[in-house]
Each structure stands twice: as structure tokens, then as C-alpha cells.
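Residue numbers for the sequence shown follow the UniProt record's numbering, beginning at 1 and rising by one.
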Amino acid sequence: MQAGRSTPSRRTGEVATVPRSRPSDRLRSAEEGGLSEAHRVEAVDVQSANQPARAKRLRSLSTALTIADLKARARRRVPKMFFDYADSGAWTEGTYRANEADFAAIKLRQRVLVDMTGRSLQSEMIGERVAMPVAIAPTGMTGMQHADGEMLGARAAEAFGVPFTLSTMSICSIEDVASVTKRPFWFQLYVMRDRDFVRNLIGRAKAAGCSALVLTLDLQILGQRHKDLRNGLSAPPKWTPKHAWQVATRPLWAMEMLGTKRRSFGNIVGHAKNVSDLSSLSSWTAEQFDPKLSWDDVAWIKREWGGKLILKGILDSEDARAAADTGADAIIVSNHGGRQLDGARSSISMLPRIVDAVGDRIEVHLDGGIRSGQDVLKALALGAKGTYIGRPFLYGLGAGGQDGVTRALEIIRTELDVTMALCGRRDVRDIDRSILDEG
1 MQAGRSTPSR
11 RTGEVATVPR
21 SRPSDRLRSA
31 EEGGLSEAHR
41 VEAVDVQSAN
51 QPARAKRLRS
61 LSTALTIADL
71 KARARRRVPK
81 MFFDYADSGA
91 WTEGTYRANE
101 ADFAAIKLRQ
111 RVLVDMTGRS
121 LQSEMIGERV
131 AMPVAIAPTG
141 MTGMQHADGE
151 MLGARAAEAF
161 GVPFTLSTMS
171 ICSIEDVASV
181 TKRPFWFQLY
191 VMRDRDFVRN
201 LIGRAKAAGC
211 SALVLTLDLQ
221 ILGQRHKDLR
231 NGLSAPPKWT
241 PKHAWQVATR
251 PLWAMEMLGT
261 KRRSFGNIVG
271 HAKNVSDLSS
281 LSSWTAEQFD
291 PKLSWDDVAW
301 IKREWGGKLI
311 LKGILDSEDA
321 RAAADTGADA
331 IIVSNHGGRQ
341 LDGARSSISM
351 LPRIVDAVGD
361 RIEVHLDGGI
371 RSGQDVLKAL
381 ALGAKGTYIG
391 RPFLYGLGAG
401 GQDGVTRALE
411 IIRTELDVTM
421 ALCGRRDVRD
431 IDRSILDEG
């Protein structure tokens with residue numbers, strides 16, 4: 001039976017920037033949705049509560065015309081260790097750079113004297129209607145880019161009409177995000193050695209009404225990420241004088257972090273066996289990623305979940321065919337944002353051969369290297385039915401919280417719409433390779 005929420009009332013939560021329900025209504029809704037007292041979150045975006053400050057922030061964000069503009073703002077606002085965590089790859093970062101560079105090498109056909117009125121970006125991903133074929137990718141430690149980051153990102157995605165994917169390694173918990181959204185979100189799962197914990201995570205995702213499970217396959221062991229090692233960034237973070245100085249030079253970020261209690265991995269602490277504080281969490285995470293993960297485990301998770309399943313981390317045609325054999329609903333062509341196997345090919349360069357390998361047996365999505373709406377269009381032209389943005393989401397979040405995420409989505413949407421029109425197409429569902437200049 002497919003996991004999903006039975007009624008929109010299961011998403012009631014009190015947030016400063018949305019209409020408030022009566023306390024009795026919130027209590028009744030939370031009880032009906034299976035959320036405990038501890039998880040009926042009173043979430044407030046500190047910036048949104050200060051309307052003059054928010055108006056100033058919105059004016060500033062409106063001058064950001066590209067994702068690169070948001071990245072520059074995030075770099076100035078987020079402590080270096082956390083910004084670098086989002087803005088880095090493994091080893092030499094060759095694959096990380098190739099993800100972007102290979103998009104730039106793809107050329108488009110300019111068409112003229114074509115009716116460009118009545119354009120539409122609406123589409124579907126795994127049967128869900130989306131405002132554009134873009135989902136927010138799962139990203140770890142998102143709540144360290146901005147206080148309550150996952151909650152703010154989910155709210156922005158919901159308002160925009162695109163899917164939000166919550167990571168297992170998020171700062172805000174499944175229940176936190178469920179408390180501030182009304183529509184189903186997606187949950188990304190890492191398979192840990194502790195299968196009871198995995199089973200519990202799946203149950204919590206079901207209880208929260210998540211409409212899809214995104215199973216990450218390419219993190220059986222952790223890639224070597226030199227920037228994180230040089231910054232002394234661990235999971236969870238361990239504070240040093242260097243880190244304290246980085247925080248002290250980012251006062252707005254620090255003030256917002258002081259306003260939240262969510263500073264650790266909310267899906268793990270208090271839920272995993274013998275993990276009750278930061279010290280025990282550090283020991284637990286060091287040994288939990290399972291190097292023995294196999295296709296049999298994928299079948300087990302599919303049975304446990306019972307709903308829509310997306311397999312993330314496919315970069316090989318043989319693996320793609322095996323993934324299609326599992327009966328999953330979609331695969332994500334991804335190299336983990338260049339953060340795992342440095343020296344692997346870019347996601348976009350592998351997309352065509354993976355699409356050819358699976359045909360129409362399974363829906364194919366793409367993650368990695370997207371920095372513009374034009375990149376989204378190129379991925380669609382090469383056969384993707386949906387795309388994911390990770391770093392653009394994090395740059396927007398770091399630059400301006402929920403409003404920054406909204407601005408990132410606006411930038412992507414505008415670029416996608418304009419580029420599609422200049423290629424002579426009016427409906428994103430009609431995009432194919434004929435818009436590419438492959439001469």
C-alpha cells in the first residue's frame with residue numbers, strides 16, 4: 001500500500017509567516033497525524049518576524065539575477081566550514097567541476113518566428129504534479145547553512161509547487177518538517193548497519209505522510225573530502241577556536257542559530273540505539289554506513305516502505321538496468337554532487353546512455369551540476385523526466401533563508417522559461433533532443 005497522508009490537516013503547524021490556526025485545532029490535528037507533543041513545533045523564522053528587516057532582505061535578494069549571485073551572498077553570510085561543506089567535492093574536485101563544465105559544453109538551437117505565447121512549465125515527477133520539473137535535492141546538515149534550514153526549505157518548495165527531499169542527515173527532523181508543511185514531502189534514506197533504526201526511519205516517514213522514499217545507493221563508504229578535512233569539520237561538528245572565530249565573524253548567522261534548539265542530527269539523536277547526545281552521535285555515525293549494501297537490501301526496503309521508491313546514485317548503464325529490475329519508480333543519475341568518486345564522469349554526460357539502457361521501464365531523473373534553468377532544459381532534452389537542485393538550494397538558503405530559497409527557484413524558473421521559448425518550444429513536456437545543436 002502506498003505511503004501517503006490521509007488528510008491535509010496532518011500538516012498543521014504554527015509559523016510566523018502563514019495564517020495561524022487555533023491552538024485547539026493544532027492539537028487535534030497533531031494528534032490525528034500521530035505526532036507526539038515534543039514534535040508539535042512552534043517554528044518561527046527570526047528574519048520573517050522582523051518585517052522591516054525582511055523587506056530589506058527581499059530588496060537585496062531581488063538584485064540576485066543568477067545562482068552565482070546567491071552563492072556570493074551565502075559565502076559572505078555562512079561560516080566558512082559550513083559553506084565549504086556545501087561548496088566542495090571529493091579529492092581534486094575534478095568530477096565536481098565536470099558536473100558544471102559538461103553542461104556548458106552542450107549547445108542549443110536558436111529558433112525564430114515561432115509562437116511563444118501560452119508557455120507552460122508544469123510537469124509530473126513520479127506521478128506528482130510539479131510547477132516545473134525540478135525538485136530540491138536531499139542535502140546533509142542543511143540546518144547549518146541557516147537556522148531551521150530544512151523547515152524553511154520545505155516551506156519554500158511547498159509554496160512554489162516543487163518537491164522537497166529531506167535527508168536522513170538533516171538537522172531538522174522528519175517531524176519538524178511535517179509540522180510546518182501541508183503537502184507531502186519526500187524522504188531520503190541512507191541504509192545503516194542498524195536495520196532496526198532503518199525500519200524505524202521508514203515508519204516515521206510513513207507517519208509523516210511522505211509520498212516518496214529516495215534511497216541513496218552511492219554512500220556505502222564516505223568519499224575523501226579534503227576541504228572538510230582541512231576545516232576540521234566532523235559529523236556532528238566539533239567546535240575549535242578556529243570555528244568559533246568563523247562564527248563570530250558571521251553575527252547574523254550566529255544570532256539565528258541561537259534562536260533555535262535544532263543544532264544536531266534530528267533524525268538520529270534520541271532515535272538511534274544508545275545515541276542521546278553529541279558524543280554518542282559521533283561514535284555512531286563513524287560506524288553506521290553499511291559497506292555491504294546490496295540489491296537484496298533494496299528489495300527489503302521496497303517491501304518495508306510499500307510506496308513510491310526512487311533510487312539515487314546511478315551512474316552506470318548496468319546498474320541502471322539492475323535498478324529498473326527492482327520495480328522502483330525512478331532512478332536518479334547522480335555522482336553525489338562530485339563528493340564521492342572523484343574521477344567519475346559527470347552526471348549529464350552519463351544521462352543519455354542510461355536513458356537508452358532502461359528505455360521506458362523506469363523514470364529517469366538527473367542530479368548534479370545544475371546551476372541554471374538552462375541546465376534543466378538541457379537535462380530534459382537528453383531524456384530526464386525531472387531534475388534536482390542541491391547547491392542552488394543551499395546557496396539560496398544561506399543567502400536569505402526561506403526567501404533566498406524562493407529566489408533560487410524563481411531564478412531557475414525564469415531561465416528555464418526564457419530558454420525554452422528561445423528554442424522554439426512552449427511546453428516543457430515537449431522538450432527532446434531536437435532543441436540541441438549536436439552538429
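Ideal Cβ placement from N, Cα and C applies to all residues, glycine included.
**OP:** Could you tell me whether the Cβ atoms of leucine 215 and alanine 328 are closer together than 9 Å?
**Re:** Taking the first residue of the sequence shown as position 1, residue 215 is located at position 215. Taking the first residue of the sequence shown as position 1, residue 328 is located at position 328. Yes, these two residues count as a Cβ contact at 9 Å.
Subject >> Environment of alanine 244 [buried if 16+ CB atoms lie within 10 Å] >> reply: In the sequence shown, the residue the question calls residue 244 occupies position 244. So alanine 244 counts as exposed.
**OP:** Please say whether methionine 81 and glutamine 246 have beta carbons closer to each other than 9 Å?
**Re:** Your numbering for residue 246 matches position 246 in the sequence shown. Your numbering for residue 81 matches position 81 in the sequence shown. Less than 9 Å divides the Cβ of glutamine 246 from the Cβ of methionine 81.
Subject >> Identity of the residue in Pro79, Asp437, Asp427 and Gly94 nearest glycine 224 by Cα >> reply: Start at 1 with the first residue of the sequence shown, and residue 224 comes out as number 224. Looking at the sequence shown, residue 224 is not glycine but glutamine. Ranking the options by Cα distance to glutamine 224, first place goes to Gly94.
Original post:
Taking the DSSP output, what are the residues bridged to tryptophan 186?
Top reply: For the purposes of this step, residue 186 is taken as residue 186 along the sequence shown, with counting starting at 1. The beta-bridge partner set that DSSP reports for tryptophan 186 consists of Thr165 and Ala212.
Original post:
Looking only at DSSP bridge pairs, what is phenylalanine 289 linked to?
Top reply: Position 289 of the sequence shown, counted from the first residue, corresponds to residue 289. Assignment of beta-bridge partners to phenylalanine 289 by DSSP yields Met192.
**OP:** For isoleucine 174, I'd like the list of residues in its chain whose CB is within less than 7 Å of its CB, leaving aside the five on either flank, ordered along the chain.
**Re:** Residue numbering aside, residue 174 sits at position 174 when the sequence shown is read from its first letter. Non-local beta-carbon contacts of isoleucine 174 in its own chain, meaning distances under 7 Å to residues more than five positions away in sequence, involve Leu166, Phe187, Arg204, Ala205, Ala208 and Asn267 in chain order.
**OP:** Check whether the Cβ atoms of leucine 398 and arginine 407 lie closer than 9 Å to each other.
**Re:** Locating residue 398 in the sequence shown gives position 398, where the first residue counts as 1. Locating residue 407 in the sequence shown gives position 407, where the first residue counts as 1. The sequence as given places glycine at residue 398; leucine does not occur at that position. Here glycine 398 is not near arginine 407, since their CB atoms are 9 Å or more apart.
Original post:
Between leucine 233 and the rest of its own chain, which residues show a CB-CB distance below 7 Å, the 5 nearest in sequence each way excluded?
Top reply: Stepping through the sequence shown from its first residue, residue 233 is reached at position 233. Closer than 7 Å at Cβ, skipping near neighbours: Met81 and Tyr85.
**OP:** Just tell me which of Leu281, Met255, Phe103 and Arg57 has its CA closest to the CA of arginine 345.
**Re:** Taking the first residue of the sequence shown as 1, we reach residue 345 at position 345. Check the Cα spacing between arginine 345 and each of Leu281, Met255, Phe103 and Arg57: the tightest is with Phe103.
Original post:
Ends of the beta strand (DSSP E) at arginine 129?
Top reply: Position 129 of the sequence shown holds residue 129. In this chain, the beta strand (DSSP E) harbouring arginine 129 covers 128-130.
Subject >> Strand pairing of serine 264, partner residues [DSSP] >> reply: For the purposes of this step, residue 264 is taken as the residue at position 264 of the sequence shown. Partner(s): none; serine 264 has no beta bridge.
Subject >> Residue burial classification, glutamate 158 (beta-carbon count within 10 angstroms, cutoff 16) >> reply: As a working mapping, residue 158 is identified with position 158 in the sequence shown. Counting of Cβ neighbours within 10 angstroms places glutamate 158 among the buried residues, the total reaching 16 or more.
Subject >> Residues bridged to valine 358 [DSSP beta-bridge criterion] >> reply: The residue you call residue 358 lines up with position 358 of the sequence shown. Per DSSP, valine 358 has no beta bridge partner at all.
Subject >> Alpha carbon of threonine 419 to alpha carbon of serine 283, nearest angstrom >> reply: Taking the sequence shown and counting its residues from 1, the one referred to as residue 419 is at position 419. Taking the sequence shown and counting its residues from 1, the one referred to as residue 283 is at position 283. Near 48 Å, if we compare the C-alpha coordinates of serine 283 and threonine 419.
**OP:** Mark aspartate 115 as exposed unless 16 or more other C-beta atoms lie within 10 angstroms of its C-beta, in which case mark it buried.
**Re:** Numbered from 1 along the sequence shown, position 115 holds the residue referred to as residue 115. Classification for aspartate 115: exposed.
**OP:** Answer yes or no: do lysine 378 and proline 133 have a C-beta to C-beta separation smaller than 9 Å?
**Re:** Residue mapping note: residue 378 aligns to position 378 of the sequence shown, counting from 1. Residue mapping note: residue 133 aligns to position 133 of the sequence shown, counting from 1. No.
Original post:
If we call anything under 9 Å between Cβ atoms a contact, is arginine 425 one with glutamate 287?
Top reply: In the sequence shown, counting from the first residue as 1, residue 425 sits at position 425. In the sequence shown, counting from the first residue as 1, residue 287 sits at position 287. It is not a contact, given that the beta carbons lie outside the stated cut-off.
**OP:** May I have the straight-line CA-CA distance separating serine 170 from valine 191, to the nearest angstrom?
**Re:** Here residue 170 is taken as the residue at index 170 of the sequence shown, counted from 1. Here residue 191 is taken as the residue at index 191 of the sequence shown, counted from 1. So the two alpha carbons sit approximately 15 Å from each other.
Subject >> Same chain, Cβ closer than 7 Å to serine 24, neighbours up to 5 away in sequence not counted >> reply: Taking the first residue of the sequence shown as position 1, residue 24 is located at position 24. For serine 24, the pLDDT reaches just 34, beneath the cut-off of 50, and the residue's location in the model is therefore unreliable, leaving the point undetermined.
Original post:
Smallest Cα separation from glycine 315: which of Leu121, Ser334, Lys308 and Val298?
Top reply: As a first step, residue 315 must be located in the sequence shown, where it is residue number 315. Checking the sequence shown, residue 315 turns out to be leucine, not glycine. Of Leu121, Ser334, Lys308 and Val298, the residue nearest in Cα terms is Ser334.
Original post:
What is the residue span of the beta strand (DSSP E) that valine 134 lies within?
Top reply: Your numbering for residue 134 matches position 134 in the sequence shown. Note, valine 134: beta strand (DSSP E), 134-136.
Original post:
Nearest CA to the CA of arginine 371: which residue from Leu422, His336 and Leu416?
Top reply: Start at 1 with the first residue of the sequence shown, and residue 371 comes out as number 371. Residue Leu416 is the option with its Cα nearest to arginine 371.
Subject >> Spatial distance of cysteine 172 from alanine 90 (CA atoms) >> reply: On the sequence shown, residue 172 is found 172 positions in, with the first residue counted as 1. On the sequence shown, residue 90 is found 90 positions in, with the first residue counted as 1. One Cα belongs to cysteine 172, the other to alanine 90, and the distance between them is close to 25 Å.
**OP:** Report the option in Arg183, Leu394, Ala212 and Leu229 whose CA atom is closest to the CA atom of leucine 189.
**Re:** Stepping through the sequence shown from its first residue, residue 189 is reached at position 189. The shortest Cα separation from leucine 189 among Arg183, Leu394, Ala212 and Leu229 belongs to Ala212.
Subject >> Extent of the continuous alpha helix (DSSP H) to which glycine 118 belongs >> reply: By 1-based counting over the sequence shown, the position of residue 118 is 118. Neither: glycine 118 is in no alpha helix (DSSP H) and is coded neither H nor E.
**OP:** Would you mind stating whether serine 79 and tryptophan 253 have Cβ atoms separated by less than 9 Å?
**Re:** To locate residue 79, count along the sequence shown from 1; it is residue 79. To locate residue 253, count along the sequence shown from 1; it is residue 253. Serine is not the amino acid found at residue 79; the sequence shown has proline there. Result yes, Cβ atoms of proline 79 and tryptophan 253 sit closer than 9 Å.
Subject >> Straight-line gap, histidine 271 to threonine 285 (C-alpha atoms, nearest Å) >> reply: As a working note, residue 271 is residue 271 in the sequence shown. As a working note, residue 285 is residue 285 in the sequence shown. Histidine 271 and threonine 285 have their C-alpha atoms spaced approximately 13 Å apart.
Original post:
Quick one: what does DSSP say serine 317 is sitting in, helix, strand or coil?
Top reply: Translated into the one-based positions of the sequence shown, residue 317 becomes position 317. The answer is helix: DSSP assigns serine 317 an H, G or I state.
Original post:
Expressed to the nearest angstrom, what Euclidean distance is found between the alpha-carbon atoms of alanine 135 and leucine 380?
Top reply: For the purposes of this step, residue 135 is taken as residue 135 along the sequence shown, with counting starting at 1. For the purposes of this step, residue 380 is taken as residue 380 along the sequence shown, with counting starting at 1. Rounded to whole angstroms, alanine 135 and leucine 380 show a C-alpha spacing of 13 Å.
Subject >> Which listed residue (Ser62, Ser280 and Thr92) has its alpha carbon closest to that of glycine 343 >> reply: On the sequence shown, residue 343 is found 343 positions in, with the first residue counted as 1. Minimum Cα distance to glycine 343 is reached at Thr92.
Subject >> Classification of isoleucine 221 by the beta-carbon crowding that lies within 10 angstroms, buried from 16 upward >> reply: Locating residue 221 in the sequence shown gives position 221, counting from the first residue. With fewer than 16 other Cβ atoms within 10 Å, it is exposed.
Original post:
Quick one: Cα of valine 46 to Cα of arginine 59, how far?
Top reply: Numbered from its first residue, the sequence shown carries residue 46 at position 46. Numbered from its first residue, the sequence shown carries residue 59 at position 59. For valine 46, the predicted model reports a pLDDT of 46, less than 50, meaning its position is unreliable; a value from the coordinates is still stated below. A direct Cα-to-Cα measurement between valine 46 and arginine 59 gives close to 18 Å.
Original post:
Quick one, are the C-beta atoms of isoleucine 362 and isoleucine 331 less than 9 Å apart?
Top reply: Translated into the one-based positions of the sequence shown, residue 362 becomes position 362. Translated into the one-based positions of the sequence shown, residue 331 becomes position 331. Closer than 9 Å, so yes.
Subject >> Residue(s) in a DSSP beta bridge with alanine 330 >> reply: Here residue 330 corresponds to residue number 330 of the sequence shown, with the count starting at 1. Ile310 and Glu363, per the DSSP bridge assignment.
Subject >> Cβ-based neighbour list, aspartate 356, same chain, cut-off 7 Å, excluding 5 preceding and 5 following >> reply: Mapped onto the sequence shown, residue 356 falls at position 356. Closer than 7 Å at the Cβ level, and outside the excluded window around aspartate 356, lies no residue.
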